[in-house]
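S.K.: My questions all concern the structure below.
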Amino acid sequence: MSAVLEVQVSAARMLSPVVREFTLQSCAGPLPGFSPGSHVQVHLPLATGKVRNAYSLTDDPAHSQHYRIAVRLQDVSRGGSHYLHRQVRVGDRLQISPPANLFALHSIASLHILIAGGIGITPFMAYIAALEQRQAHFELHYLYRPGLSDAYVDELQQRLGSRLHTYTSRPDLGRILRDRPLGSHVYTCGPPPLLDAVRQQAAALGWPPGRVHWEAFNAAQPGQAFDVELLRSGRHLRIGAEQSLLEALESAGLQIPNLCRGGVCGQCMTRHRGGDIEHRDSFLSPAEQDGFLMPCVSRGRGQCVSLDL
Amino acid sequence: MTDRHSAAPDRLHSLPRYRQPLPRDTATRHLVVMQSAAACAPVVGALEQPLVLNGENADFTPRLQQMLGRATVGSQLYIMGDEAFIWRIHGEARSAGLEDDEIDIIRTLAGPRLVYCVHCGLTQAAGPEPLVTCIGCAVGLEVREHFSRRLGAYLGVCSNPDQPYAGARP
Chain A
88 MSAVLEVQVS AARMLSPVVR EFTLQSCAGP LPGFSPGSHV QVHLPLATGK VRNAYSLTDD
148 PAHSQHYRIA VRLQDVSRGG SHYLHRQVRV GDRLQISPPA NLFALHSIAS LHILIAGGIG
208 ITPFMAYIAA LEQRQAHFEL HYLYRPGLSD AYVDELQQRL GSRLHTYTSR PDLGRILRDR
268 PLGSHVYTCG PPPLLDAVRQ QAAALGWPPG RVHWEAFNAA QPGQAFDVEL LRSGRHLRIG
328 AEQSLLEALE SAGLQIPNLC RGGVCGQCMT RHRGGDIEHR DSFLSPAEQD GFLMPCVSRG
388 RGQCVSLDL
Chain B
-18 MTDRHSAAPD RLHSLPRYRQ PLPRDTATRH LVVMQSAAAC APVVGALEQP LVLNGENADF
42 TPRLQQMLGR ATVGSQLYIM GDEAFIWRIH GEARSAGLED DEIDIIRTLA GPRLVYCVHC
102 GLTQAAGPEP LVTCIGCAVG LEVREHFSRR LGAYLGVCSN PDQPYAGARP
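Respectively, the protein sequence lines represent chains A and B. Residues in the first sequence are numbered from 88 upward in steps of one, following the working numbering. Residues in the second sequence are numbered from -18 upward in steps of one, following the working numbering.
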């Protein structure tokens, strides 16, 4: 995952007052292909250090001479979305990591039920293109705030007709999920309360976890500054309050495998040898957390953390 | 990055596990398919309003298709019978859209095990013995503990590499 793609912003437009869409063109050679549900990490040189944020690719995966992402301006963040909204201009160059997919379509489903909340529409834009090409059965339930987080809604209305169901407040998930034929799978992306509600409602109606697919926008949240010791090299690092442990390790020249940078994929799992750790991931079991941590989201809080690096 | 620990397997991953299931509380509908009345397992008595099909009934096949076609997500299927019956129904249920964890398999009847000859592709009934002769190509087969859920059969592979064409006479 050390490969970096150089891209240029070839177009940018506001899809809503808080959502900005970027079209990214390759600076050298064709861009790698991707599957629906894929994301890229965008490398952002913020004043407080390098940050990488993951954004879903919204393009049709079958025809991608370029990549498209849509970024919601976040009120509480470490500055990544502010940078993309306020600093980046058409013609600017950006570095991104190649596409990876942690939210793939289930290939043998016969009915795909998509439930998007706000900017959670982004992976489904690529889904819809792929599902239309496969002539698959699907329906999109889209919850948004009118005039604020309603990206793509006009386009979707024209394109999907009766397959689009829009909501401006939490839909009745029981109605969406009840009495569905056996080949149904549900996919949801959006804010954590929506994902929790979908998963709870599905479980209450007897849906096994394998039929319920979700992608959260997990990103590293700030915390307090802390120290780590790298046992193999004997080095000591100070991690700033706004920096993630993974970012600090990368700045120090270490290459840690990673995909989601949000505590879900498991790639960056690192062995630790003690310290006061605040585990923020949704990957490791409590037993595993005794020996491992996920540096993309988890942090120390006080006593120095020793890492097997 | 360190791999998570995994215990060394004491049996091949593909070997089916048969056991008495517990009723899945979260299921909203229980479907029971038994090979015969004699195949019925005790769990049926604990299920709330199960829909039961018996393989001995004349219209079993169309009723099975109808049941699977009308079933909705939240259904749990319990298959009871011998190994060959279990995997035949399992395959139909999977084609109808049921997931693995929505299907319980309960082997209540002894029966032959099916062996798939990897040389001629014939699936045949065999006993529990580890060596058989393929009835299709006459190759001596070792029946491996490698089970195909799709075929519902164990793989039979030539037991003597120096005699790969036992039945062929040049």
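Every residue gets a Cβ at the ideal spot worked out from N, C-alpha and C, and that includes glycine.
Rounding to the nearest angstrom, what Cα-Cα distance links THR7(B) and ASP266(A) in this structure?
M.R.: 14 Å
S.K.: Let me confirm a value: THR397(A) is counted as buried when at least 16 other C-beta atoms fall within 10 Å, else exposed. Which label applies?
M.R.: Coverage of chain A is limited to positions 88 through 396, which leaves residue 397(A) absent and any answer about it impossible.
S.K.: What are the boundary residues of the alpha helix (DSSP H) that includes GLY72(B)?
M.R.: 64 to 76
S.K.: Quick check: is the beta carbon of THR7(B) nearer than 8 Å to any beta carbon in chain A?
M.R.: yes
S.K.: Please identify the residue among HIS126(A), PHE211(A), ALA196(A), ALA238(A) whose C-alpha is closest to the C-alpha of ARG397(A).
M.R.: The requested residue 397(A) does not occur in the structure, where chain A is confined to residues 88 to 396.
S.K.: What in chain B is Cβ-close to ASP266(A), meaning under 7 Å?
M.R.: THR53
S.K.: Would you say SER(-5)(B) lies against chain A (beta-carbon separation less than 8 Å)?
M.R.: Taking a beta-carbon distance threshold of 8 Å, SER(-5)(B) does not count as an interface residue toward chain A.
S.K.: Measuring alpha carbon to alpha carbon, tell me which residue in GLN1(B), HIS100(B), TYR135(B) is nearest ILE84(B).
M.R.: GLN1(B)
S.K.: Assuming LEU144(A) is part of the alpha helix (DSSP H), what are its boundary residues?
M.R.: Per DSSP, LEU144(A) belongs to no alpha helix (DSSP H) and is neither H nor E.
S.K.: Residues of the stretch 63 to 94 of chain B with a CB closer than 7 Å to any CB of chain A: list them in chain order, please.
M.R.: Hits within the stretch, in order: ALA77, GLY78, LEU79, GLU80, ASP82, GLU83.
S.K.: DSSP three-state label for PRO185(A), please.
M.R.: coil
S.K.: Can you list, in chain order, the residues of its chain with a C-beta nearer than 6 Å to that of GLY204(A)? Leave out the 5 residues immediately preceding and following it.
M.R.: LEU230, GLY277, PRO278, LEU281
S.K.: With a CB to CB cut of under 7 Å and the five nearest residues on each side skipped, what residues in its chain are close to LEU49(B)?
M.R.: Cβ within range, chain order: GLU73, ALA74, ALA77.
S.K.: Checking 8 Å against the spacing of the C-beta atoms, do GLN288(A) and LEU269(A) come in under that value?
M.R.: Not a contact, by the Cβ cut-off of 8 Å.
S.K.: Can you give the Cα-Cα distance for PRO148(A) and TYR135(B), rounded to whole angstroms?
M.R.: 40 Å
S.K.: Can you find a C-beta in chain B that's less than 8 Å from the C-beta of SER184(A)?
M.R.: no
S.K.: Is the shortest distance between the beta-carbon of PRO123(A) and the beta-carbons of chain B less than 8 Å?
M.R.: no
S.K.: Mapping DSSP to helix, strand and coil, what is ILE116(B)?
M.R.: Here ILE116(B) sits in coil by DSSP.
S.K.: Output, in sequence order along the chain, the residues in the stretch 288 to 320 of chain A whose CB is closer than 7 Å to any CB in chain B.
M.R.: ALA290, LEU292, GLY293, TRP294, PRO295, GLY297, ARG298
S.K.: Three or more C-beta pairs closer than 8 Å, one from the stretch 165 to 178 of chain A and one from the stretch 237 to 252 of chain A: is that the case here?
M.R.: no
S.K.: My output table needs one value for HIS(-14)(B): the three-state DSSP class, helix, strand or coil.
M.R.: Unreliable placement is indicated for HIS(-14)(B), whose pLDDT of 48 sits below 50; the coordinate value is still reported in the next sentence. Correct three-state label for HIS(-14)(B): coil.
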